[in-house]
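Peer 1: What follows is a single structure, and I will ask about it in a moment.
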Amino acid sequence: MDYKEDIKRWRLILGKDTEEDFSAMDSEAIPSFTEEDWLMDKALEAIYNPTGKFMGEGGLGAGKGPSNPQISRWLGDIRNLFDKELVKIIQTDAMDRCGLKQLIFEPEILEQVEPNINLASTIMLLKDQIPQKSKESVRAFIKKIVEEINKLLESDIRRAVRAALNKRQHSPIPSASSLDFKTTIQRGIKNYNKELKKIIPEHYYFFERASVNPTSKFTVILDIDQSGSMGESVIYSSVMACILASIASLKTRVVAFDTEIVDLTEKSDDPVDLLYGFQLGGGTDINKSIKYCMKYIENPKKTIFFLISDLMEDGNRGGMLRNLEDMKEAGVTVVCLLAISGDGKPYYDTQMAGKIASMGIPCFACNPEKLPLLLERVLKNLDLTSFQEEFN
Numbered sequence: 000m001d002y003k004e005d006i007k008r009w010r011l012i013l014g015k016d017t018e019e020d021f022s023a024m025d026s027e028a029i030p031s032f033t034e035e036d037w038l039m040d041k042a043l044e045a046i047y048n049p050t051g052k053f054m055g056e057g058g059l060g061a062g063k064g065p066s067n068p069q070i071s072r073w074l075g076d077i078r079n080l081f082d083k084e085l086v087k088i089i090q091t092d093a094m095d096r097c098g099l100k101q102l103i104f105e106p107e108i109l110e111q112v113e114p115n116i117n118l119a120s121t122i123m124l125l126k127d128q129i130p131q132k133s134k135e136s137v138r139a140f141i142k143k144i145v146e147e148i149n150k151l152l153e154s155d156i157r158r159a160v161r162a163a164l165n166k167r168q169h170s171p172i173p174s175a176s177s178l179d180f181k182t183t184i185q186r187g188i189k190n191y192n193k194e195l196k197k198i199i200p201e202h203y204y205f206f207e208r209a210s211v212n213p214t215s216k217f218t219v220i221l222d223i224d225q226s227g228s229m230g231e232s233v234i235y236s237s238v239m240a241c242i243l244a245s246i247a248s249l250k251t252r253v254v255a256f257d258t259e260i261v262d263l264t265e266k267s268d269d270p271v272d273l274l275y276g277f278q279l280g281g282g283t284d285i286n287k288s289i290k291y292c293m294k295y296i297e298n299p300k301k302t303i304f305f306l307i308s309d310l311m312e313d314g315n316r317g318g319m320l321r322n323l324e325d326m327k328e329a330g331v332t333v334v335c336l337l338a339i340s341g342d343g344k345p346y347y348d349t350q351m352a353g354k355i356a357s358m359g360i361p362c363f364a365c366n367p368e369k370l371p372l373l374l375e376r377v378l379k380n381l382d383l384t385s386f387q388e389e390f391n
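For the sequence shown, numbering that gives the first Met the number 0 assigns the number 391 to the last residue and increments by one with no breaks.
Have a look at this one:
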């Protein structure tokens, strides 16, 4: 990129208030703006101006709010002028800097907004304030984000569960519908008959079916903190919960908590319904929720307990640690997943996380894209050190 392009970028970043300074530069150094550049400048100026107010066409007088057509036109401009990731950042800044609640509360505006998990978590915080006329549009917007996350995670989570459970659940009971073709072929390849051009296995391997032995199912309990700081983590967790709930070889329970407990298991067939069951905000009583979840542990050695929280405990901190340790000693696989922000950065009570980790309980944040790999390792009872080291 030549120096004129660098200067042009700086001019767009610094805004029109610096136009006079840039114009005073050597004429050969002054970059020429195309029509698209001027549109970019105008779109950025609308929210990054010094007033902190949205500036639509022709500017806005004191005390006047931006009209819907202006916001609609502005949204259309930024989607045409900037790439998808930048659009999400600009939309979020418009909410934070200019208070553009129209992005949430006006159906015709929300339809044009680029799906964004940060904005979705804001919507979840404000969902009780959304007017009736906008509720369907908000639901459709949340659904877009859920579908994006679902595309990212679903096939990998299903593969991870199959890979983990199939290895540990071979059955001596022969059944054509339960034949493990992959294992049978891999272990029988040495017996390939060249004349017949066939593999003649010495042994056939069959998957254990849940219908044959219901007690063979693993129970996965997701205990999810729904305090106000947990927005992005709640969204990812709810999608993962619905995927797990749809897998017949698992029993999945979903519990949400702040200072009260809500069992959302019955809503886990629809991630949007599940999300609407969360009430972001309020305090945190992790210990109370852990005690509630413990009553659903029927077979400790086949139970996986995920505590998803920032660990900002307002309840009985000592009791919380004791209950986690009791579960672990009983044979439950206990994993503490720390809260993450939209950019995947963890935030949590470091002192509490340290105490949990010192008990031998994995305690770390996990980028959403790695959730399937994490789940596979947990089901296989493999070491999770690599996940922990990533955020140390």
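Cβ coordinates follow ideal geometry from the N, Cα and C atoms, glycine included.
How many whole angstroms separate the CB atoms of L151 and E312, which I take to be in contact at a CB cut-off of 8 Å?
Peer 2: Here residue 151 refers to the residue found at position 152 of the sequence shown. Here residue 312 refers to the residue found at position 313 of the sequence shown. Incorrect: roughly 31 Å between the Cβ atoms, too far for contact.
Peer 1: Would you tell me roughly how many angstroms separate the C-alpha atoms of L263 and K132, rounded to the nearest one?
Peer 2: In the sequence shown, the residue the question calls residue 263 occupies position 264. In the sequence shown, the residue the question calls residue 132 occupies position 133. One C-alpha to the other measures close to 26 Å.
Peer 1: Which first and last residues belong to the beta strand (DSSP E) in which I307 is found?
Peer 2: Against the sequence shown, residue 307 aligns to sequence position 308. Residues T302 to S308.
Peer 1: What is the C-beta distance between E113 and R72, in whole angstroms, given that I count them as a contact (C-beta under 8 Å)?
Peer 2: Mapped onto the sequence shown, residue 113 falls at position 114. Mapped onto the sequence shown, residue 72 falls at position 73. Wrong, their Cβ atoms sit about 15 Å apart, outside the cutoff.
Peer 1: Within 8 Å (strictly less), CB to CB, does S237 reach chain B?
Peer 2: Given the protein chain composition of this structure (a single chain), no chain B is represented.
Peer 1: May I have the straight-line CA-CA distance separating M239 from F32, to the nearest angstrom?
Peer 2: For the purposes of this step, residue 239 is taken as the residue at position 240 of the sequence shown. For the purposes of this step, residue 32 is taken as the residue at position 33 of the sequence shown. The straight-line gap from Cα to Cα measures roughly 47 Å.
Peer 1: Whose C-alpha, out of V261, G330 and F256, is nearest the C-alpha of G314?
Peer 2: By one-based count along the sequence shown, residue 314 stands at place 315. Ranking V261, G330 and F256 by Cα distance to G314 puts F256 first.
Peer 1: On the three-state DSSP scale, how would you describe V392?
Peer 2: Given that the chain is displayed from residue 0 to residue 391, the structure contains no residue 392 and the question cannot be resolved.
Peer 1: Can you give me the start and stop residues for the alpha helix (DSSP H) that T349 sits inside?
Peer 2: To locate residue 349, count along the sequence shown from 1; it is residue 350. Element bounds for T349: T349 to S357.
Peer 1: Within its chain, find whatever has a CB closer than 8 Å to the CB of K250; leave out the 5 residues flanking it on each side and keep chain order.
Peer 2: The residue labelled residue 250 in the question sits at position 251 within the sequence shown. Correct list, in chain order: K216, F217, T218 and V219.
Peer 1: Use the C-beta contact count for S308: other C-beta atoms within 10 angstroms, 16 or more gives buried, fewer gives exposed.
Peer 2: Counting from 1 along the sequence shown, the entry for residue 308 is found at position 309. The residue is buried, with at least 16 neighbouring Cβ atoms inside 10 Å.
Peer 1: With DSSP as the reference, identify every bridge partner of V261, one or two as the case may be.
Peer 2: As a position in the sequence shown, residue 261 is number 262, starting the count at 1. In DSSP, V261 forms a bridge with A255.
Peer 1: Would you mind sorting G58 into buried or exposed? The rule is 16 or more other CB atoms within 10 Å of its CB.
Peer 2: For the purposes of this step, residue 58 is taken as residue 59 along the sequence shown, with counting starting at 1. Below a pLDDT of 50, predicted positions are generally treated as unreliable, and G58, at 44, falls in that range; the measurement from the model is reported next regardless. G58 comes out exposed.
Peer 1: For N115, does the count of other Cβ atoms within 10 angstroms reach 16, so buried, or fall short, so exposed?
Peer 2: For the purposes of this step, residue 115 is identified with residue 116 of the sequence shown, where counting begins at 1. Flag for N115 reads buried.
Peer 1: Report buried or exposed for A61, applying the criterion of at least 16 other Cβ atoms within 10 angstroms of its Cβ.
Peer 2: Taking the sequence shown and counting its residues from 1, one reaches residue 61 at position 62. Here A61 scores only 38 on pLDDT, less than 50, and its place in the model should not be relied on; the value that follows carries that caveat. A61 should be labelled exposed.
Peer 1: V160: which of L383, K379, A139 and E388 sits nearest, CA to CA?
Peer 2: Locating residue 160 in the sequence shown gives position 161, counting from the first residue. Closest option to V160, Cα to Cα, is K379.
Peer 1: Do you know whose CA, among E324, D40 and E265, lies nearest M358's CA?
Peer 2: Here residue 358 refers to the residue found at position 359 of the sequence shown. Considering only alpha carbons, the answer is E324.
Peer 1: Out of E135, E84, F53 and I355, point me to the one whose CA is closest to I70's CA.
Peer 2: On the sequence shown, position 71 is the one that residue 70 refers to. For I70, the nearest C-alpha among the options comes from F53.
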